[in-house]
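Here's the structure, in structure tokens; my notes come after.
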Amino acid sequence: MRDGFSKYARRLAPGVLILLAGCAGDYPQIMTQPVSEWGQIQIDIWALVTWWTVPILVIVIGVLAFILVRFRERPGGPEPKHVYGSTKIEVIWTVIPAIIVLIIAIPTIQAIFALQEEVPEDALVVEAIGHQWWWEFRYPEEGIITANQFYVPVGRPVALMLRSNDVIHSFWIPRLGGKRDVNPVVRTPEGVEPMHLNHIVLTVDSAGEYLGQCAEFCGTSHAIMRMMAVAVEPEEYDAWVEAMTVPEEPEADLAQVGHDIFMRSTCIACHAIEGTRAQGRLGPDLTMMGDRFSIGAGLMANTEENMTEWLLHAPELKKGILMPGARVEAGGMPPTALSREDARAVAAYLASLRLPDPLVPAPTAPAADPPAGAEREPAAGEREPLPMGPEPESD
Amino acid sequence: MNAEAHAAHPAHSHPPTATGLDNLKLGFWVFLGSETLFFGTFIATYMIYVGRSLEGPYPHEILDIPLTTVSTFILLMSSLAMVLALNAVQKDNRRGALLWLMMTAGLGSIFLGFQAYEFTHFYNEGLTLQSSIFGTTFFILTGFHGIHVTVGVIWLMILWLQTYAGRIRSADALKVEIAGLYWHFVDIVWIVIFMLVYLMQEG
Amino acid sequence: MPTTETTRSTSRSVGAVLWDWLTTVDHKKIGILYGATALVFFVLGGVEAMLIRWQLSRPEAAFIDPDLYNQLFTMHGVTMVFLVGMPIAVAFFNYLIPLQIGARDVAFPRLNAFSYWVFLFGGIFMYTSVFAGIAPDGGWFGYANLSLREYSPGPNMDFYALGLQILGIGSIAGGVNFITTIINLRAPGMKFMRMPLFTWMAFVTSFIIITALPVLAVALFMLTFDRFWDTHFFNVMAGGDPVLWQHLFWLFGHPEVYILILPAFGIASEVIPTFSRKPLFGYAIMVFSGVLIGFISWGVWGHHMFTTGMGPIADAFFTISTMIIAIPTGVKVFNWLATMWGGAIRFTTAMLFAVAMVALFTIGGISGMMHAASPADLQQHDTYFVVAHFHYVLIGGLLMGVFAGFYYWYPKVSGRFMSEKLGKWHFWTFFIGFNAVFFPMHWVGLFGMPRRIYTYAEELNLGALNLFMSAMSLFMVVGTMFFIWNLVRSWRKGEPAVANPWGGSTLEWSTTSPPPDFNFAELPVVRSRNPLWDNPEDYDERVHTEPAGGVHMPNPSFWPLITAFGSAITLILFMTHIWWMPLVGLAITAVATINWAFEPAG
Amino acid sequence: MADHERNKEPLVEPSSSVNPEGHEHPGVWTYVVVGFALAILTGLEVAAIYIPPLAPVIVPILLVLTAAKFALVVMFYMHLKMDDRVFSWVFVAPGILAVFVVVALIMLFRVLPQWGG
Ligand code: HEA
Ligand code: HEA
Ligand code: CUA
Ligand SMILES: [Cu+2]
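Chains as they are written, first to last, in our numbering: chain A, -12 to 382; chain B, 143 to 345; chain C, 408 to 1009; chain D, 389 to 505.
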């Protein structure tokens, strides 16, 4: 029943709401256009509830309006009859809502169980780890660690294993589907299952870049704990995996200078870059930082100027974080004491850490598989620095 | 001046109420109803965490059932003494009232003594509020119960003094009855704690 | 024998007046104190809301620092729930229950004073933290483990843990008092099934108070111990589980929201019949559904935790139980409609607010149903869709109801009407402002704006809507100003009111406006549900002047104030981190309690 | 004082179940017997946990014995059995909620996770 119904309900219910809003603009975090079956089930239920309850609302308000017009006191009007109640009517308006509740409840319960999937064999396992206030993503099988932005292949089930490193966060990328809390790991004696570690299993249907953010209040900078899922075709995904596991060497001179500064500063105490001696794990992994959608988990666009500012003033730009600035200490770390020049160089270095573009060479290119990264052009500015928003053609 | 005012208004002369029941007694029962949720929540917390300690000492290593059986018995008997005290007050038997009130408070104090011994013993064994989740939940649950017992003992002593001063007659039996309700309530909470914490221990 | 003076002399010195209010045990005065204090906190909470709206008016705005923002929304929530919603309901309970059941006072007048003073001290304590810039900043639900010392090192959440504990003491004492009053002090003939619906809802509310608040008390104790003595209730490193906090908080929290709404339901059930000139439709069902709501409200708390990962069985259970609540609530809505149906509706300000409440609460209820479907809630949870829901039930339901109550009973309290003209201004500015602020919030949520964020990305395209909402919230400020001005102005300048100015049917209208200290010179005898309509002759001839020989009223007492001070200070002194300091407070409490116990109640 | 007299006029709903003044308090003998019963039940409880064959059913046994003790104290020592029913209501209703809370939390934290929920 849900299927036939949802065909139009899907489009209409949210559509009506948006129309009412008067502007069906471009909403990267809109809830009602999920790109996964997992998310679709949720929205179908929402539509179902909407269709059964909003009419009740309309009726109640309609009747109320009628009453207010019809039964207003008129001069010289008769004294109202004293009616104390009517069992028949009471029964009717108890039973009808009860039936409606039942109609809503049954598919809802089915959906609850449908959403609770076991992790399938062929699923891509991604550990999503919440930190105050950034996201870490680990691909245990691929041996990849990244932060704030993660890639998934279209059409393959993805199992997001959620856990927190500190307080409770909540993983929410509206266009992939609803949220699940990211709970800290409760230590228990052997033999007892770790409690409340959630996972989400979903298959992304269409390629695109999907914005999300932490949805559980988690302290000072909870507002800036954003992330992006990049769903790509399977070949591209494979190329990404490969690129992520190959060491990177800076090419441009300034980047080389930045590389050296980075490697001898305290940066490496907290940050890791694949293939270098930087293997810190306190902060986000910076492999392919140049390609990230933002700096500071959504704080600002990923440009070299912004990066320079970030490196100099991170704790002022984002309150409460562990990363020290050039002059302000944080997280028990002394100031990095970078000069503006140094910072600019490091920014250039980080900007140079980029994926090949396009990820999969065009079909005309030689079939030979050159080591990813060797061929790539560092041309900054070729891509939109902050491509936030859904792909136009999706859904 | 208090004494006079008091004598003029013995408990039974309050204006009659809609139900014929005394306000204070009814209010106190409501309060006890509220207390069931207070202890219920602590008990639920204990039950959720039992067996989840990462470090010892663990309950089975440290809880001394025979000893606590004795203290439980003492608390139960204090409840008996309490009803006997009420009975004596109702019959205007001042000597009986003094005896049984003293007995109740005394048994309550002995119970507290046991608890003090138990706490210090556990502390020496390494079980503290901070040592493990068992330590945390155990001390807080039994500690809040202990605080209730302490309040009860003080209350009973005040009643004893009042009885001694001849201020509690059969007409004031309600005062003793309400203290009794409190006392018995604290007793039944212990009955439950004893079963859940001591007898039904896991891990 | 002690009898309070029953004449109002206007020439008393300020000191005497002050002493009178500090030691009063008169339920009417205490009711006024509650109401006035709650209104002050309402303005404070409202100012916080306006600062929130200011910061959110633009994307990426930096008017307010994130730490301050977090304090603002936390204190806004805490204020509106604990310092406005509950006390304002208690203000009405205090003033009206004894009058409606035909009693001279509540069962425990001094305990009543104690409740108020505890509430006041608790509120002041919490607000010292606001003015010191160290207010609680973990949300009104104070989720552990964020609220533990490790992640909230400052004193902020200490204020939360201790402040709410103090407030809880007062509430429980009040609940015990009202239950006893309602059971025991009904006038002759006032059977349970003849009680006015407001009193019934007060009864149910009090029952929820005495059962739900102990759960919060325990949770707060555990938080306090974790914060002050490193216990492990919520510390994951030692096996504690922060999810337990969530369960305990919402075990309290959901019944709490019904504590907030049921009094408003009660008010609507008094106002609507009066201004429709028809008795309440389906009285027995209204009572029964209220009781049912009270009980079911205990089995639904998990709907705040659908994303926590409770598992499908628990999710399914809480989904169903939550949806079931719609049925008794719907019955109430329909019965209000049926009461108006065929009536002669007078559009006084009170009635406007009551009618608005019916409509707006239904909107909030329907969005509640959308949350209740847990799969859908995975999207909605912690977004502005939820913020829209709960402001519709809290402002549209609770606050509209309370405003209706103010306009309705003001003549009884002051002997003067509130200005209808200002009232209409108040109503329309507030009504329009409210809808303009909170209806678009549904869309803002739908478009993906999470709650409790001090800033949002430009790219989300939410700037225009947010700006609109922020601008429209000024209407609510203006509306509130009309209201407060109306309250103040009418106290001396309002049209004088007779005993039963609106033609109400319940007992409070049988005594003078304002009622004498002893309420009724002669206790009324009740023969029906709507005594003033069915048997007006019983009440017509009554003269409410003091009978010869005086009326025996409880003595004023200073000890409730001191006891309340002692209790509050006991908890406050925990802040010193010196273990024996609270004992000082305990000593004050003990001395005061003993004096209280031995003082003749009169 | 005049007021008091007036109040003594016919009461509404005088305590429905029992005559308020003259409710029969059980005698000393009953109290002592109940005391004995409590002691014996406690003895049984403690004994039960030392009898290995009972291990599989120890939980229900303890629950029943404890409930019995609880009921004895509440009914006899706290006089709920012979007192007005209103007292039972205001105590038992919250008590039921308390039991519900305990059971529900145990289900949520200990039972449901084991069902793989
Ligand atoms: C006055 C307070 C109040 C009231 C009365 C309600 C009433 C209801 N609430 Fe609400 N709620 C809050 C205050 C309140 N709530 C607050 C403050 C929060 C947020 C807490 C926080 O996180 O900070 C919240 C959050 C909240 C959530 C959690 C959302 C989330 O965080 O993800 C849910 C989920 O189920 C919910 C559901 C409901 C339901 C189903 C009702 C029902 O009682 C509504 C019933 C009424 C109707 C349905 C309308 C009338 C009925 C009819 C006309 C009959 C016919 C109708 C049908 C058959 C559908 N509420
Ligand atoms: C009864 C409860 C109640 C009431 C009445 C209100 C009233 C308002 N609330 Fe409330 N709100 C809550 C309960 C309530 N709220 C709760 C429980 C939360 C959740 C907190 C949390 O997440 O922890 C919340 C959260 C909340 C948020 C979300 C914050 C966030 O998640 O980041 C927002 C945002 O817009 C908001 C806005 C408003 C507004 C604009 C009003 C307006 O109605 C206010 C109207 C304004 C006034 C009444 C001011 C009147 C002032 C004057 C007349 C004096 C003028 C003074 C001078 C000129 C000095 N509220
Ligand atoms: Cu992480 Cu909010
Ligand atoms: Cu709720």
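Note that CB positions come from ideal geometry on N, CA and C, so glycine has one too.
Bridge pairing for C/Val707: absent [DSSP]. At least one heavy atom of ligand 4 falls within 7 Å of the beta-carbon of C/His710. Contact check for A/Ala332 against A/Ile211 fails: the beta carbons are separated by 8 Å or more. Between A/Val315 and A/Ala218, the C-beta gap is not smaller than 8 Å, which leaves the two residues out of contact.
Scanning its chain for C-beta atoms nearer than 8 Å, with the 5 sequence neighbours on each side dropped, one finds around B/Leu254 the residues Gly288, Val291, Thr292 and Val295, in chain order. Excluding residues up to 5 positions away in sequence, Leu479, Phe480, Met482, His483 and Thr486 lie with their Cβ nearer than 8 Å to the Cβ of C/Glu455 in the same chain. Look at D/Pro441: its C-beta is not under 8 Å from any C-beta on chain B.
Around the Cβ of A/Pro127, a 10 Å sphere holds fewer than 16 other Cβ atoms; the residue is exposed. Any Cβ of chain A closer than 8 Å to the Cβ of C/Lys831 would place that residue at the interface, and such an atom is absent. When secondary structure is reduced to three states using DSSP, C/Phe515 falls in the coil class, being assigned neither helix nor strand.
Every unbroken stretch of the alpha helix (DSSP H) spanning 4 or more residues and falling wholly within the stretch 195 to 271 of chain A is given here in chain order: 221 to 231, 240 to 251 and 254 to 257. Considered as a whole, the stretch 111 to 153 of chain A harbours no complete run of any alpha helix (DSSP H) with no fewer than 4 residues. Cβ atoms of C/Ala594 and C/Ala510 come within 8 Å of each other, at about 7 Å.
The alpha-carbon separation between C/Asp722 and C/Thr996 amounts to approximately 45 Å.
For C/Thr736, there is no enclosing beta strand (DSSP E); the residue is found in the alpha helix (DSSP H) stretching over Pro719 to Met747. Within its own chain, the residues whose Cβ lies closer than 7 Å to the Cβ of B/Trp242, once the five positions on either side in sequence are excluded, are Ala223, Leu226, Ala227 and Ala230, listed in chain order. Listed in chain order, the non-local C-beta contacts of B/Phe336 below 6 Å within the same chain comprise Thr214, local neighbours out to five positions each way being set aside. At a cut-off of 4 residues, not a single continuous stretch assigned as alpha helix (DSSP H) sits fully inside the stretch 425 to 458 of chain C. Bridge partners of A/His186 according to DSSP: A/Met148. Neighbours of A/Pro161 across chain B, judged by C-beta separation under 7 Å, do not exist; the nearest C-beta is about 33 Å away. Out of A/Asp192, A/Met214 and A/Cys201, the CA that lies nearest to the CA of A/Ser157 is found in A/Cys201.
When only Cα atoms are considered, C/Met764 and C/Pro505 end up about 26 Å apart. Between C/Val932 and C/Asp941, the C-beta gap is not smaller than 8 Å, which leaves the two residues out of contact. The CB of D/Met466 comes closer than 8 Å to the CB of Gly322, Leu323, His326 and Phe327 in chain B, given here in chain order. In this structure, C/Gly812 has its CB at a distance of at least 7 Å from all heavy atoms of ligand 2. Excluding its 5 nearest sequence neighbours in each direction, A/Asp278 has C-beta neighbours in its own chain below 6 Å: Arg341 and Leu342, listed in chain order.
Rounded to whole angstroms, D/Val499 and A/Asn152 show a C-alpha spacing of 27 Å. Non-local beta-carbon contacts of C/Thr977 in its own chain, meaning distances under 7 Å to residues more than five positions away in sequence, involve Pro989, Gly992, Leu993 and Thr996 in chain order.
Think of a sphere of 9 Å around the beta carbon of A/Arg167: the chain C residues whose beta carbon falls inside it are Thr714, Thr715, Gly716 and Leu785, in chain order. In this chain, B/Ser274 is not harboured by any alpha helix (DSSP H), its DSSP state being neither H nor E. For A/Pro176, the neighbours in chain B by C-beta distance under 8 Å run, in chain order, Gly193, Arg194, Ser195, Leu196 and Gly345. Taking the C-beta atoms as reference points, A/Gly199 is found no nearer than 8 Å to A/Val22.
Note on the stretch 479 to 565 of chain C: whole alpha helix (DSSP H) runs with a minimum of 4 residues are 493 to 508 and 516 to 538, in chain order. Counting C-beta atoms within 10 angstroms of its own C-beta, A/Ser73 has fewer than 16 neighbours from the protein chains shown and is therefore classed as exposed. In the structure shown, A/Phe158 falls within a strand segment according to DSSP collapsed to helix, strand and coil. At a threshold of 7 Å, A/Val154 does not count as near ligand 4, since its beta carbon sits no closer than that to any of the ligand's heavy atoms.
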